[in-house]
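Participant: One structure follows; several queries about it will come next.
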Amino acid sequence: DVMWLYLKIKEKNGKYVIEEAKFETFGCAAAIASSSVATEIIKGKTIEEALKVSNKDILKELGGLPLVKVHCSLLAEDAIREAIYNFMRKKGLQIPEELEKRHEKIKARLDKTLEMHKKLGYVTGEN
17 DVMWLYLKIK EKNGKYVIEE AKFETFGCAA AIASSSVATE IIKGKTIEEA
67 LKVSNKDILK ELGGLPLVKV HCSLLAEDAI REAIYNFMRK KGLQIPEELE
117 KRHEKIKARL DKTLEMHKKL GYVTGEN
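Quick note, my numbering runs 16 ahead of the 1-based positions in the sequence shown.
Here's what the structure looks like:
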């Protein structure tokens, strides 16, 4: 499964607020549902509030998922963090240490997966 979140964030009273959130997901129904719910949960929240959203919040809003599909809620949680990380980096904002560490872990997993797919011949060239 692959998911991206796209955020429209505006500054209001010194806080950055998520006005819109959209997703693009390639995966199973659970991944699509998790992405959709994640966007609904974070709309109207500050980026600080959105960073506190966990996969448990997503699972609760979904009414649960089968155990073999729980990873989809984790992907949605990671997508929230990555979208906010990218926003903060582009704006030149100070990125919290916890978010920076999380980004590095996500990037390492992505790089490892990409390398594996290249070795298997699923991906060619540079991205």
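For glycine and all other residues, C-beta sits at the position ideal for the given N, C-alpha and C.
Assign Asn143 to one of three DSSP states: helix, strand, or coil.
Facilitator: Its pLDDT being 49, under 50, Asn143 is placed unreliably by the model, and nothing is read from it.
Participant: For Pro82, I'd like the list of residues in its chain whose CB is within less than 8 Å of its CB, leaving aside the five on either flank, ordered along the chain.
Facilitator: Ala46.
Participant: Suppose you measure from the CA of Gly137 to the CA of Thr129; what does that come to, to the nearest Å?
Facilitator: About 12 Å.
Participant: Excluding sequence positions up to five away, which residues of its chain have a Cβ less than 6 Å from the Cβ of Trp20?
Facilitator: Taken in chain order, the residues that qualify are Glu40.
Participant: Hey, would you say Asn71 sits closer than 8 Å to Leu90, going by beta carbons?
Facilitator: Against a cut-off of 8 Å, the Cβ pair of Leu90 and Asn71 comes out as a contact.
Participant: Taking Ile74 and Glu98 to be in contact with their CB atoms under 8 Å, please state how far apart those CB atoms are, rounded to whole angstroms.
Facilitator: 15 Å between Cβ atoms; not a contact.
Participant: When the Cα atoms are used, what is the spatial distance from Glu93 to Ala66?
Facilitator: Each residue's Cα considered, the two are about 10 Å apart.
Participant: By DSSP's criteria, Glu40 is part of a beta bridge. Which residues make up the other side?
Facilitator: Looking at the DSSP assignment, Glu40 forms a beta bridge with Trp20.
Participant: Using a Cβ-Cβ cut-off of 8 Å (strictly less than) and excluding sequence neighbours within five positions of Val69, which residues of its own chain qualify?
Facilitator: Within the same chain, Val69 has close Cβ partners Ala54, Ile57, Ile58, Lys61, Glu93 and Ile96.
Participant: In or out: His119 buried (at least 16 other Cβ within 10 Å) or exposed?
Facilitator: Its Cβ being crowded by 16 or more others within 10 Å, His119 is buried.
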